[in-house]
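Peer 1: Below you will find the structure I want to go over with you.
Pasting the structure below:
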């Protein structure tokens, strides 16, 4: 009698184990399918972003080429180009590089005042903290401390830029210079994916 009951219990345990194993296998298969779908979505999103940035770059490149032969402004041994078209930060830099220049690196108060006095909108400059959050460097790989000047905007509340305000989404890892009544208080950090006008710089 006891042997029969034990056999029955063993049979039930085997059946339960088989069912659990089957359920586990099904869950793993569904999870694998889900993981593949997530990877596909991530790849599609990344591809979309790359294509959008490339399209933005080539559209602006074509427009600038058709509009003018790059009207450069000379100042203190350098040439500056103030764009009329808008691009994201990476595309703006690529455009400048294609013209033998780069996004502007601001190295003095006089240069800051000169640039801020020339603009009537927000313009990309060559400053970012893309590699390390909070460590701002110029496109020539010099840090703010090495350059020795910075002109971040300071609010009346006491808070100041950079504030990485959009940190929950893409963050704010690239800098712009804004037309402002105070030329020495006009840098802001914004999302690198935003589209802005930009300033190219090269020596002559």
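In UniProt numbering, the protein residues as written are 1 to 204. No residue lacks a Cβ here, since even glycine has one placed at the ideal position from N, Cα and C.
1) Would you give the residue range spanned by the beta strand (DSSP E) that residue 174 belongs to?
2) Could you name each continuous alpha helix (DSSP H) segment of 4 residues or more that falls completely within the region 64–102, going from the start of the chain to the end?
3) Considering only residues of the same chain and omitting the five flanking positions on each side of residue 77, which have a CB-CB separation below 8 Å?
4) Residue 149: buried (16+ other C-beta within 10 angstroms of its C-beta) or exposed?
5) Between the Cα of residue 182 and the Cα atoms of 18, 11 and 113, which residue gives the shortest distance?
6) Are the region 114–123 and the region 175–189 touching, with three or more C-beta to C-beta distances below 8 Å?
7) Per DSSP, which residues does residue 188 bridge with? Please list them.
8) Determine the DSSP secondary structure at residue 104, reduced to helix, strand or coil.
9) Could you give the C-beta distance for residue 90 and residue 53, rounded to a whole number, given that I count them as a contact under 8 Å?
10) Measuring CB to CB, does residue 135 end up less than 8 Å from residue 187?
11) Got a sec, what are the start and stop residues for the alpha helix (DSSP H) residue 144 sits in?
12) Taking only the alpha-carbon atoms, compute the straight-line gap between residue 48 and residue 13 and give it to the nearest angstrom.
13) So, are the CB atoms of residue 190 and residue 87 less than 8 Å apart?
14) Assign residue 106 to buried or exposed, taking buried as 16 or more other Cβ atoms, counted over all protein chains shown, within 10 Å of its Cβ.
15) Below 8 Å between beta carbons: does that hold for residue 200 and residue 80?
16) Tell me which residue opens and which closes the alpha helix (DSSP H) that residue 111 is part of.
Peer 2: Per the coordinate set shown:
1) 174–178
2) 89–98
3) 203 and 204
4) exposed
5) 113
6) yes
7) 176
8) coil
9) 6 Å
10) no
11) 144–147
12) 52 Å
13) no
14) buried
15) yes
16) 109–118
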